[in-house]
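To keep things clear, I will list the structure first and then write my remarks on it.
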Amino acid sequence: MIMKRILAGGLLALAAGLAQAGELDFYLSNKSLQANYRTDTAAIGYGGGWLSFGGFHNDNGDNQLDIGLSVEGAPSSDQPFSFGLGIRGYFAFLDTPNENVQALALGGVGRFHIPAKMPMALAGRLYYAPDITSFGKADSLLDWGVDYEIEVMPSATGYVGYRKETIGLSGLPDHDLEDRFHVGVRLVF
């Protein structure tokens, strides 16, 4: 019941965010896909951060929804690095084993901006949920990835990367939800 309320609240916030500027991020691999929508937190009445909603599916029949809240620092003119910190809720529906798990993870992102005529960056992210913030059969969740990004125009970025997401399960072997390379597109509007 609580999960339904959280998802309903997330959908309402997403609907409010669609009326504002945001980002749509979509990636594919040969066995998985993910879509994320990100908007300024002004959509919920507080500016200065990012609110994100995402969905993931793989060919094993696993599905995952996530909702996140983060803040990120823009690089200064003489500093090529930017960083961000955030919190993310994961709601995973695993096919084999047939388990539903939830986790509340803390994490961050880092980006090294490569100065060039066509802007490029190396980006990395890491989110971790220990046992105390993992629910259902989950003991932990570790989600990390790296991307090489090229901004082909101010409102479109293409990227290639690698992502690994592992869910530690109580009494069962760890479950790799994602462990592969991908290509993606990020559109800003």
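Residue numbers (our numbering): 90 to 278. All C-beta atoms in this analysis are idealised placements derived from N, C-alpha and C, irrespective of residue type, glycine included.
Separation of residue j from residue i, as counted between CA atoms
| i | j | result |
| --- | --- | --- |
| residue 265 | residue 186 | 11 Å |
| residue 192 | residue 143 | 14 Å |
| residue 272 | residue 138 | 26 Å |
| residue 106 | residue 132 | Below a pLDDT of 50, predicted positions are generally treated as unreliable, and residue 106, at 48, falls in that range; the measurement from the model is reported next regardless. Using only the alpha carbons, I get a separation of about 5 Å. |
| residue 180 | residue 227 | 11 Å |
| residue 119 | residue 251 | 12 Å |
| residue 44 | residue 148 | Given a span of 90 to 278 for the chain in the structure shown, any question on residue 44 remains unanswerable. |
| residue 244 | residue 207 | 13 Å |
| residue 220 | residue 190 | 12 Å |
| residue 205 | residue 169 | 12 Å |
| residue 242 | residue 113 | 15 Å |
| residue 145 | residue 134 | 27 Å |
| residue 278 | residue 128 | 10 Å |
| residue 234 | residue 116 | 13 Å |
| residue 150 | residue 124 | 16 Å |
| residue 188 | residue 152 | 11 Å |
| residue 177 | residue 163 | 21 Å |
| residue 276 | residue 222 | 32 Å |
| residue 167 | residue 229 | 39 Å |
| residue 200 | residue 154 | 24 Å |
Contact check, residue i vs residue j, beta carbons under 9 Å
| i | j | result |
| --- | --- | --- |
| residue 240 | residue 209 | yes |
| residue 274 | residue 247 | yes |
| residue 267 | residue 231 | no |
| residue 126 | residue 111 | yes |
| residue 314 | residue 141 | It is not possible to answer for residue 314, since the shown part of the chain is limited to 90 through 278. |
Whole-Å CB distance - residue i paired with residue j, under 8 Å assumed
| i | j | result |
| --- | --- | --- |
| residue 215 | residue 197 | 6 Å |
| residue 212 | residue 194 | The Cβ separation is near 18 Å, so there is no contact. |
| residue 236 | residue 249 | 7 Å |
Among the options, nearest to residue i - alpha-carbon criterion
| i | options | result |
| --- | --- | --- |
| residue 260 | 225, 246, 277 | 225 |
| residue 158 | 220, 243, 130, 253 | 130 |
| residue 121 | 278, 277, 269 | 269 |
| residue 202 | 277, 114, 238 | 238 |
Backbone secondary structure at residue i - three-state DSSP
| i | result |
| --- | --- |
| residue 167 | coil |
| residue 227 | strand |
| residue 220 | helix |
| residue 110 | coil |
| residue 128 | strand |
Below-9 Å beta-carbon distance, residue i vs any chain B residue
| i | result |
| --- | --- |
| residue 185 | Within the model displayed, chain B is absent; a lone protein chain is all it includes. |
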